[in-house]
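2 protein chains.
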Amino acid sequence: MVGTRRKIKRHTHLYRSGDGFEAIYAIRAGFFKTDVLLEDGRDQVTGFQMAGEILGLDGISTEHHSCNAVALEDSEVCVIPFAKLEKLSREVTALQHNFHKVMSREIVRDHGLMMLLGTMRAEERLAAFLLNMSQRFVARGYSQQEFHLRMTREEIGSYLGLKLETVSRAFSKFQDEGYISVQQKHIRIIDIPGMRKLLNHQSPE
Amino acid sequence: MVGTRRKIKRHTHLYRSGDGFEAIYAIRAGFFKTDVLLEDGRDQVTGFQMAGEILGLDGISTEHHSCNAVALEDSEVCVIPFAKLEKLSREVTALQHNFHKVMSREIVRDHGLMMLLGTMRAEERLAAFLLNMSQRFVARGYSQQEFHLRMTREEIGSYLGLKLETVSRAFSKFQDEGYISVQQKHIRIIDIPGMRKLLNHQSPE
DNA sequence: CGGTTTCTTGATTGGGATCAATAGGAGTGG
DNA sequence: CCACTCCTATTGATCCCAATCAAGAAACCG
């Protein structure tokens, strides 16, 4: 099920909003963000994707992509022509089922993010973000406590519905309180259980 | 492609978070909301669904539903066993393609909501919500300007990441400014182009 | 290096949350 | 049909968290 490979340099687009849709992409190596743009110039990062994850599912519905996918570091993807995927998944039940799960997982993930954006305060959002990154890194065989963020404070803020200053302050506060140690984009989570507690903290009502 | 029918009374669940997943549901008549619940009691409405729309896609990924679906009025759904859908869509290309589009549309919709939750202020959110409802009603042959909301202010607020008081105030303000007329859940949009402008209004930066 | 982007930190502001009180409907039972 | 209750909605007053404005510092990069 491997299509052709394609290398994407840092800060270049894999696809842009409006581009015709022909394929989805499996990330082989690297790191991406997806974002949507409003007419008035406001934009929002809708996700960060790393090796093993799928990009481009947004394009199926209208045959055109509805967001931009940008590499945050030099990356490589596997191009999976969608027509071919549909054909194969008619023949291979397991592939079909797996593809449906991938799409569904994306929907569930988005619901989680909506929850975050709709109900959490700034520090909870950052804690949830860091724990999520940690979890995804560990699933790829990297350290659970220590990792390098590929995105800027502004991109994190856009993703979490916060301004970059707020993100920066929350980082500093977590460091002061001994939850993490921050050095620019290098993060070390010192107290994972403590961070988890930040999330469940009973909010008013 | 019609499965069995099922009637759902107002304020009862079609499915609950954690329920095993076997089928998706096409709404034949009525109105639903879906919501997710956090351990600490906070919850968020993730969507409102009306006739012709699909419920249950969240369950595919883990074989368990990850949100609750509740009828906001007496409703009727068509139960589509998922195994049967997958089997049929292996045989009927058009069905397969259509199903993929439905899932993708859900992803794109969620991105739009993330945008709303992440970047818009209270009145923009409500304007976007009303225009979206209007658009969906008109697509079903109802009036574009006049409709009955099935959900409470609190449910609207939860969906939009606002408190019910804020929703109520925004309704009042829109009425004062002549954009809409509100009488409880009965809404009449007087100035649709004006409402649209509220969305594109240049925000700072 | 020099220039630019990114990050941090402080001071102030403002939008929506919270607290609170009242009013309006809808549903229920007498 | 009306009285009662409960749920829902409106409106006002105050508060607080994050946005905004502003100034440096640090890191990255050609």
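Going down the list, the protein sequences come from chains A and B. Just so we're aligned: the first sequence equals residues 1 to 205 in the working numbering. Just so we're aligned: the second sequence equals residues 206 to 410 in the working numbering. Glycine included, C-beta positions come from ideal geometry on N, C-alpha and C.
Query: V138 of chain A, buried or exposed, once every other Cβ within 10 Å from all chains shown has been counted against 16; Result: exposed
Query: Bridge partner(s) assigned by DSSP for C283 of chain B; Result: B:R210 and B:A231
Query: Within the stretch 296–374 of chain B, ranges of the alpha helix (DSSP H) (whole runs, at least 4 residues); Result: 298–324, 327–344 and 358–365
Query: With 16 other Cβ atoms within 10 Å as the buried cut-off, status of G178 of chain A; Result: exposed
Query: Chain A contacts made by the stretch 357–385 of chain B, where a contact means CB separation under 9 Å; Result: S363, Y364, L365, G366 and L367
Query: L260 of chain B - DSSP class collapsed to helix/strand/coil; Result: strand
Query: Distance, E329 of chain B Cα to I24 of chain A Cα; Result: 33 Å
Query: Rounded straight-line distance, which links the Cα of F32 of chain A to that of K9 of chain A; Result: 11 Å
Query: Simplified DSSP state of Q175 of chain A, which is helix, strand or coil; Result: helix
Query: Cβ neighbour criterion (16 or more within 10 Å) applied to T12 of chain A; Result: exposed
Query: Span of the alpha helix (DSSP H), counted from its first residue to its last, around L198 of chain A; Result: I192 to N200
Query: Short CB-CB distance (under 8 Å) between L57 of chain A and chain B; Result: yes
Query: Residue burial classification, I80 of chain A (beta-carbon count within 10 angstroms, cutoff 16); Result: buried
Query: Inter-residue CB distance, A332 of chain B and M400 of chain B (contact presumed, cutoff 8 Å); Result: 5 Å
Query: Straight-line Cα distance separating S266 of chain B from L116 of chain A; Result: 20 Å
Query: First through last residue of the beta strand (DSSP E) which encompasses H391 of chain B; Result: H391 to I394
Query: Meets three-Cβ-pair contact criterion under 8 Å: the stretch 248–255 of chain B and the stretch 357–369 of chain B; Result: yes
Query: 8 Å Cβ cutoff met for R140 of chain A and G18 of chain A; Result: no
Query: Short CB-CB distance (under 8 Å) between E244 of chain B and chain A; Result: yes
Query: Rounded distance between the beta-carbons of L198 of chain A and R150 of chain A, thought under 8 Å; Result: Incorrect: roughly 23 Å between the Cβ atoms, too far for contact.
Query: Opening and closing residue of the beta strand (DSSP E) in which L14 of chain A lies; Result: H13 to Y15
Query: For S266 of chain B: DSSP bridge partner residues; Result: Note: S266 of chain B sits in no beta bridge, so no partner.
Query: Buried/exposed call for H316 of chain B, threshold 16 Cβ in 10 Å; Result: buried
Query: Any 3 or more C-beta pairs closer than 8 Å across the stretch 371–381 of chain B and the stretch 303–316 of chain B; Result: no
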